[in-house]
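For the sequence shown, the positions run -21 to -1, 1 to 527 when mature numbering (1 follows the signal peptide of the UniProt record, and there is no 0) is used. The beta carbon of each residue, even a glycine, is placed where N, CA and C say it ideally should be. All values reported here derive from a predicted model rather than from experimental measurement. Presented below is the structure to which this report refers.
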Amino acid sequence: MKKQFYIAVFAVAAFMGILSGCTDGFDEMNTNPYGVTPEHKKPYVLELGGFIPQMQKSIYFNRENKDWDFQIMQNLSSDVYSGYMTPPTPFAGDKNNITYFMMEGWNSYSFGAYNNGLMKPWTKIREMTLDKNEFLEVYAVSLLLKVQGMQQSTDIYGPIIYSDYGKGGVSSKYDSQEEVYKTFLKEIDDAQKYIRDFQKSERKAARLLAEYDLIFGGDYDQWLKLANSLRLRIAIRLSKVDPALAKEQGEKAVKDPAGFLEKDMIMPTLTMKNPLNILAYAYDDARMSADMESIMVGLKDPRISSYFDYATDEEVVKKHGPKHYQGIRQGTNMVNKDTRKNYSNLAEKRFSVSKVNSNDIVLMSVAEICFLRAEGALRGWAGMGSAEKLYEQGVEASFSSLGVAGVADYLKDGTSKPKAYDDPANKEHDSEAVSKVTVKWNEADNKEVKLEKIITQKWIAMFPNGREAWSEFRRTGYPRLFPILVNNSAGTIDSKIMIRRLPFSKDEYRDNKAEVEKAVKMLKGADNGGTMLWWDTNAGAAAGASNF
């Protein structure tokens, strides 16, 4: 089966990268009590440690610095479907995933990328740790990275090859999304146990991962905090499809003594380019969405200048003046790239090509955790705290992380609402605002109104994490997004409810036919973009349904 496309190249690259940067730590390694001679362990440690950065770089995929990879697997799907960005480019004559004409090469890329970047190195780590009953703290870290990355994979497709991965044979079975999510929770349990056992052991001073852990520098206390943070993210995702399990897991996360992340989980880009910088300023393929314009401009959100720049398009300037943010609606029939190329680009001060190795990637933020807890409190989960205070803390954390002033006044604004949209290039795209959400918390509001505030602010704070934002939009229907303009799905995707998943890879139908056909039966419908995932119970408010 052709599930691992480039792993040989990735493994060699990761290994060579470790060789060039780890010599300063040899003396420290030689003093650590591994129970065997340092000479025997050096090559083993190098190989084992080299798999960790490969997994870390595969969560926000760009480990080989091939920006078009990231463009295909995320920017031209989740980043658009979430309402964050829209390219001005008429790819394939405007018949592509952005207009719901599902491109096979684009659909299948995530499938192979997550397997190669996460499952393959995790399998090697398991063989070198769990199977030998040693270095289980390293195995614990790999479990958490696998959960964090593969949650994105299952939220794209639904059923995925998970428990059966790497077992050999002529075929590989799929697990249902329900099975995958419940396995995630068990793996978080295991990871916490292995780390805590290590911290109580005679080896607790060993810092094997210090040379390789690009995110936390081998600080296992931070990995325990991440475990709770991921558990809470998963619990919230399950809150409608399995409320009892969600409540149990959310309360378990908040009770754990390790707590939650207190600093943003950052993937440094010193050795891995931020692909958005290239897509925005080298390719000219990433621009502000109409949804970001409507919501952030309408709410007078000062964070907007950290995300986007003013449009320089002549028609926009003629109509609105030189200080105007102009986005593009999903599904716009582009025809010619130059027509909207000079609509609002990503903020040059962060996303220029010159900042490609300094624009670090946030994999999980303190703001997101505050909003997760706020929703948990809204749902009556014990120990979460005050929904209002957590909501405000989430907004404050977002402003702080961006270095933006004015949060106090912003939180007091109970009148500003998302603005109407107009497209100077085509007035037929003009639309009244679809959201009427405001910023200020009102305790008298019903739960649905409060949830819309929480999710809208989480959506703003998580930019540009389109994977997570798209999942939350599908789960809740928030923020309310403009419907797609051109729908080339031949009736398989509802323009108002919008796309719910990506189809399985055609390679799977060729190489793993019997198993992928079983996977289709695990879905709620056909293998197309209109079929909802397991946790996507009623398309949220997009279908006029309640989230409670």
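Going by DSSP, what residue range makes up the beta strand (DSSP E) through residue i?
i	result
LEU342	340 to 343
ILE472	Careful: ILE472 lies outside any beta strand (DSSP E) and carries neither H nor E.
ILE245	244 to 246
Run through DSSP, which three-state label would residue i get?
i	result
ILE194	coil
LEU258	helix
ILE463	coil
THR65	strand
LEU278	coil
LEU217	coil
ASN324	strand
ILE307	strand
ILE139	strand
PHE527	coil
MET400	It should be pointed out that residue 400 corresponds to Tyr in this sequence rather than to Met. Strand at TYR400.
SER121	helix
ASP264	coil
GLY508	coil
SER337	coil
SER395	coil
SER208	helix
SER331	coil
SER410	strand
GLY(-1)	The pLDDT assigned to GLY(-1) is 40, lower than 50, so where the model puts this residue is not dependable; a value taken from the coordinates is nonetheless given after this. Helix.
SER292	The sequence given here places Asp at residue 292; Ser does not occur at that position. ASP292: coil per DSSP, three-state reduction.
LYS36	coil
TRP514	coil
Just to confirm before moving on: does the CB-CB distance between residue i and residue j stay below 8 Å?
i	j	result
PHE461	ALA269	yes
SER273	LYS74	no
ILE439	ASP280	yes
GLY310	ASN466	yes
VAL345	LEU188	no
LEU203	VAL117	no
LEU258	GLN127	no
GLY445	ASP48	no
SER285	ALA237	no
LEU211	ALA232	yes
LEU124	MET34	yes
GLU427	SER365	no
VAL413	THR435	no
LEU278	SER395	yes
TYR79	ILE472	yes
Which word fits residue i, buried or exposed, when buried means at least 16 other C-beta atoms lie within 10 angstroms of its C-beta?
i	result
ASP317	exposed
LYS219	buried
ASP110	exposed
GLU371	buried
residue 529	Nothing can be reported for residue 529: it is not among the residues displayed for the chain, which extend from -21 to 527.
GLY504	exposed
ASP424	exposed
GLN178	exposed
GLY508	buried
GLU347	buried
ASN112	exposed
ARG489	exposed
ALA265	buried
SER180	exposed
LEU342	buried
GLY456	buried
ASN256	buried
With a cut-off of 8 Å on the beta carbons, I'd call residue i and residue j a contact; round off their distance for me.
i	j	result
MET267	TYR199	Actually they are not in contact, since the Cβ atoms of MET267 and TYR199 sit about 40 Å apart, beyond 8 Å.
GLY137	ARG480	6 Å
SER331	TYR260	5 Å
PRO443	GLY62	Actually they do not touch by this definition, with Cβ atoms about 11 Å apart.
TYR173	GLU494	31 Å between Cβ atoms; not a contact.
ILE167	LEU209	6 Å
LYS391	LYS419	6 Å
LEU464	ARG308	5 Å
What residue range does the alpha helix (DSSP H) around residue i cover?
i	result
ILE283	283 to 286
ARG453	445 to 455
ASP48	46 to 49
TYR93	83 to 93
ILE438	The question names Ile, yet the displayed sequence has Trp at residue 438. Where TRP438 is concerned, the enclosing alpha helix (DSSP H) stretches over 426 to 441.
TYR173	156 to 179
GLN372	366 to 381
GLY229	222 to 234
ILE104	99 to 107
MET251	Where MET251 is concerned, there is no enclosing alpha helix (DSSP H), given that its DSSP letter is neither H nor E.
TYR60	57 to 60
ALA71	Premise fails: ALA71 is in no alpha helix (DSSP H) and is neither H nor E.
Of all the CB atoms in chain B, is at least one closer than 8 Å to the CB of residue i?
i	result
GLY362	No chain B appears in this structure, which consists of one protein chain only.
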